[in-house]
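This report concerns only the one structure given below.
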Amino acid sequence: MVRIRVHRQVVGMLLAGGLLVGLLTGCGSLRRAVRGSRSAPAQPSPTAAADDSPAAPSPQPPSPAPPEATATTGADAPAEPEAAPTLPPLETMTFIERNTLYLEILAEKQADGADTTEAEELYIQSVEATLDGDTTAADTYLNEAILALLEN
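Just so you know, we're using my numbering here: the sequence shown kicks off at 190 and counts up by one.
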């Protein structure tokens with residue numbers, strides 16, 4: 190069995206070309222998705238039908254605008270603790286959703302100038318595990334890559 194090694198440059202090119210998602214999902218699942226969308230008859234949604242109908246006057250008069258908020262000084266304002274970033278529910282997300290989340294967070298962190306080397310290394314291990322067919326390891330490495338970005 191030939192082991193495919195993924196180099197950092199190759200992963201970078203795949204990410205830049207948007208080809209990684211296709212590799213991770215496999216052509217079979219893409220074909221099934223395309224076939225499923227072609228075979229399903231298009232049915233108008235209830236909201237689309239409502240949008241086509243003429244607008245009926247609302248039976249209730251519009252509610253009055255809420256009163257304007259008054260400004261408070263720093264001494265009057267209650268101290269609100271800064272909200273900690275919430276951890277996304279990784280267990281409930283698909284591999285593709287987690288992959289997309291990783292790429293979004295990575296772009297944000299890199300734009301902020303953060304060091305993302307650890308997360309990138311874990312992501313490369315996830316890609317290698319995927320190519321080797323080890324989905325459990327791929328999931329684990331991808332989750333660790335996301336957590337590394339969130340902790341950074």
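Positions of the beta carbon are idealized from the N, C-alpha and C atoms, including for glycine.
The model shown is predicted, which means the values in this text are computed figures rather than measured ones.
Neighbourhood of residue i by C-beta, 7 Å cutoff - its chain only, sequence neighbours within 5 removed
i: Gln299; result: Thr305
Environment of residue i [buried if 16+ CB atoms lie within 10 Å]
i: Glu309; result: buried
i: Ala334; result: buried
i: Ile285; result: exposed
i: Arg220; result: Because Arg220 carries a pLDDT of 39, less than 50, the predicted location of this residue cannot be relied on, and no value is offered for it.
Coarse secondary structure for residue i, derived from DSSP in three states
i: Asp321; result: helix
i: Thr305; result: coil
i: Asn332; result: helix
i: Asn341; result: coil
i: Thr289; result: helix
Proximity winner among the options, relative to residue i (alpha-carbon distances)
i: Leu338; options: Val316, Met282, Leu290, Asp323; result: Leu290
i: Ser315; options: Pro278, Tyr330, Leu295; result: Tyr330
i: Tyr312; options: Asp301, Asp328, Gly322; result: Asp328
Nonlocal neighbours in the same chain, by C-beta distance under 6 Å from residue i, ignoring five residues either side
i: Ala326; result: Ala318
i: Ala303; result: Asn341
heavy atom of the ligand SAM below 8 Å from residue i C-beta
i: Glu286; result: This structure lacks the ligand SAM, and indeed carries no ligand of any kind.
Own chain partners of residue i with C-beta closer than 8 Å, once the 5 adjacent residues on each side are dropped
i: Asn332; result: Leu279, Arg287
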